[in-house]
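Everything on this sheet refers to the single structure shown next.
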Amino acid sequence: MPRFKDYSYDQQLMLPITLSKQILPGTFEYTLHVLFSEKLDLSVFYDRFQNEETGAPAFDPAVLLKIILFAYSRGITSSRRIARFCDENIVCMALSADTHPHFTTIADFISSMDKECIDLFTKVLAICYSENLIGKEMFAIDGCKISSNCSKEWSGTKADLVRKVEKIRKSISFLVGKHQHEDLHGAKNKDLEKETAAIEKLSAKADKIESWLSEHNDRMGASGKAVKSNITDNESAKMLSSHGVIQGYNGIAAVDDKNQIVVWADAYGDINEAGHLPQILQDLEKQCKDAGISEDIVHTVAITADSGFHNEVNMKYCIEHEIDTYIPDNKFRSRDVRFESSGEHKKKTANWRPVHSKKYFAPEDFHYNHKKHTASCPAGHPLRLNMKNYKAEDGKYTGDRFRGIEKVCRECTLRDKCIRNPQTPFRQVTFFHRSIEGPDFLNMAKEKFDTATSRTMYSRRMGTVEPVFGHLRSTKGLNHFTLRGLKKVSTQWRLFCLVHNIGKLKLCW
562 MPRFKDYSYD QQLMLPITLS KQILPGTFEY TLHVLFSEKL DLSVFYDRFQ NEETGAPAFD
622 PAVLLKIILF AYSRGITSSR RIARFCDENI VCMALSADTH PHFTTIADFI SSMDKECIDL
682 FTKVLAICYS ENLIGKEMFA IDGCKISSNC SKEWSGTKAD LVRKVEKIRK SISFLVGKHQ
742 HEDLHGAKNK DLEKETAAIE KLSAKADKIE SWLSEHNDRM GASGKAVKSN ITDNESAKML
802 SSHGVIQGYN GIAAVDDKNQ IVVWADAYGD INEAGHLPQI LQDLEKQCKD AGISEDIVHT
862 VAITADSGFH NEVNMKYCIE HEIDTYIPDN KFRSRDVRFE SSGEHKKKTA NWRPVHSKKY
922 FAPEDFHYNH KKHTASCPAG HPLRLNMKNY KAEDGKYTGD RFRGIEKVCR ECTLRDKCIR
982 NPQTPFRQVT FFHRSIEGPD FLNMAKEKFD TATSRTMYSR RMGTVEPVFG HLRSTKGLNH
1042 FTLRGLKKVS TQWRLFCLVH NIGKLKLCW
């Protein structure tokens, strides 16, 4: 067997190195170094410091930003790990000029730079535009649900949390009663130490929840109903993602289709993307105006977004403001001739079950003539017009309300599939149609989308914005927020997007 020289990766060396030589051209760290040392004006950070005459010298914001963004590009978001990265990684030492900031300095800098981060994002965006990386043809808007630095265990409405406290108190009472019984009869308990620790832990949990309940009210959702709060971070939300139910934030971004540059980014503490579209478009316009890209960007580019943004309020806003948007409803594929036979080719999954017939007849199973205001049931029996121009609760829709004939309904052979309650004498059904007052913005949006040009434009959306989220979460490892509170999380989300944009600039320098 041949002999090889001995070697070890565990040995420590003291090497005479030149820091500037470690930052190689063509790398992400080189782009960072050039950007923050030569290209950007960071005077916006100077107001943070009041040490012109007294006090210790502060760390240069350029150095801190290089350290933070380089660590983020390696998937390191913890301030303690970033500080350790400066001590152990030669490239990070070179970027920091061997200054070794404490982790508290790094954490405070990140969590308090919300205003400065917006300015920084705008300036980097302006440089991307000057390097011809932004095409200004189509922007794709989408959201990425990312878990936050809190547990969904601490989520619930006030009623949920009250029940949780009661359940914890019952567990404590059970353990205490058990110990009292053992003391009374002199019984030995091998788990006494564990159970005592459990009582202390449960008591602390209950006290924490009760303290929060005494100081907070329920969070109210868009519908006016109470939504789940979180004791640890009450600005985060419980949301369903592709990775299951998480407690987190929805990071939304607008991405240009030419080179996938993020032109706008912000985070929201709710799952309702559609409720933010008007504000997103306004902020996007301001962002591009401040970056010198365009004075009126939302009226000069095509805007695409998925069906999660489709509702009447958004369609009305876009149509009235003459914004060229391509936002489908959730039934758009059913109207596409290319998907007519898609169901024939679906494979049966492991948990596949046969399709059963519907238990009860729905309004669409009845036969309705809108012009004549007549209707008949699935059994073919005519219905009586009970109320014409019946108005829905929201006032946006009117319709015709029909009722069956009692004698016919009682003797009908399909009664079991039509009427749920056996005591109900006859079936009632209402056919709604939109009120004639005002234009039908939803239908106008559907008609616009159901064209070959619109579908072609929309087909570019997924290849524009989804790779950005995949790059950040999977390649860069930026798949969770380490900060708490909407303001701080929004800052961290913009820093994530900055890492992506700076990576694109790497190709230019």
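Quick note: the sequence shown uses our numbering, first residue 562, plus one each step.
Using N, Cα and C, we set each Cβ at its ideal position, and we do this for glycine too.
Item                                                                                                             : Value
Straight-line Cα distance separating Asp-703 from Gly-812                                                        : 8 Å
Nearest-angstrom beta carbon gap, Thr-991 and Gly-960 [assumed within contact, 8 Å]                              : 5 Å
Given Lys-968 as reference, the closest of Arg-962, Lys-1037, Arg-945 once Cα atoms are compared                 : Arg-945
Entirely enclosed alpha helix (DSSP H) segments - the region 584 to 641, minimum 4 residues                      : 589 to 595, 622 to 634
Residues that DSSP places opposite Asn-930 in a beta bridge                                                      : Thr-935
Other residues of its chain near Val-806: CB distance less than 8 Å, five sequence neighbours each side excluded : Lys-713, Lys-799, Met-800
Short Cβ contact (9 Å threshold) for Ala-701 with Arg-1022                                                       : yes
Segments assigned alpha helix (DSSP H), at least 4 residues, entirely inside the region 698 to 776               : 719 to 746, 753 to 776
Residue range of the beta strand (DSSP E) that includes Ser-802                                                  : 798 to 802
CA-to-CA distance, Glu-649 to Leu-1039, given in whole angstroms                                                 : 21 Å
At least 3 beta-carbon pairs within less than 8 Å: the region 821 to 841 vs the region 720 to 730                : no
Span separating the alpha-carbon of Ile-792 from that of Pro-586                                                 : 47 Å
Residue from Ile-770, His-860, Phe-682 whose Cα sits closest to the Cα of Asp-602                                : Phe-682
As assigned by DSSP and simplified to three states, the class of Pro-943                                         : strand
Residue from Lys-1049, Val-859, His-742, Tyr-921 with nearest C-alpha to Glu-698                                 : Val-859
N-terminal and C-terminal residue of the alpha helix (DSSP H) that Asn-1062 is part of                           : 1047 to 1066
Extent of the continuous alpha helix (DSSP H) to which Gly-1024 belongs                                          : 1023 to 1031
Nearest-angstrom Cα separation, counted from Gly-836 out to Lys-731                                              : 41 Å
Cys-879 beta carbon less than 9 Å from that of Leu-845                                                           : no
Where Gln-1075 falls: helix, strand or coil (DSSP)                                                               : Lying outside 562 to 1070, the shown extent of the chain, residue 1075 is not represented and no answer is given.
Unbroken alpha helix (DSSP H) run spanning Arg-964, endpoints                                                    : No alpha helix (DSSP H) contains Arg-964, which is instead part of the beta strand (DSSP E) from 958 to 964.
At least 3 beta-carbon pairs within less than 8 Å: the region 606 to 621 vs the region 631 to 646                : no
CA-to-CA distance, Ala-826 to Asn-778, given in whole angstroms                                                  : 30 Å
Distance between Glu-1027 and Ser-1035 (C-alpha atoms, nearest Å)                                                : 12 Å
Pair within 9 Å by beta-carbon distance, Pro-577 and Val-624                                                     : no
At least 3 beta-carbon pairs within less than 8 Å: the region 743 to 761 vs the region 779 to 788                : no
Validate contact between the region 1002 to 1019 and the region 890 to 903 using beta carbons, cut 8 Å, 3 pairs  : yes
Cross-strand partners of Ala-951 (DSSP beta bridge)                                                              : For the record, residue 951 in the displayed sequence is Tyr; it is not Ala. Gly-960, per the DSSP bridge assignment.
For Asn-521, the three-state DSSP class (helix, strand or coil)                                                  : With the chain represented from 562 up to 1070, any question about residue 521 goes unanswered, as that position is not in the structure.
Beta bridge counterpart(s) of Asp-817 as assigned by DSSP                                                        : Phe-700
Helix, strand or coil at Val-652 according to DSSP, with G and I counted as helix                                : helix
Length of the line joining the Cα atoms of Gly-1031 and Ser-868                                                  : 20 Å
Thr-683 - DSSP class collapsed to helix/strand/coil                                                              : helix
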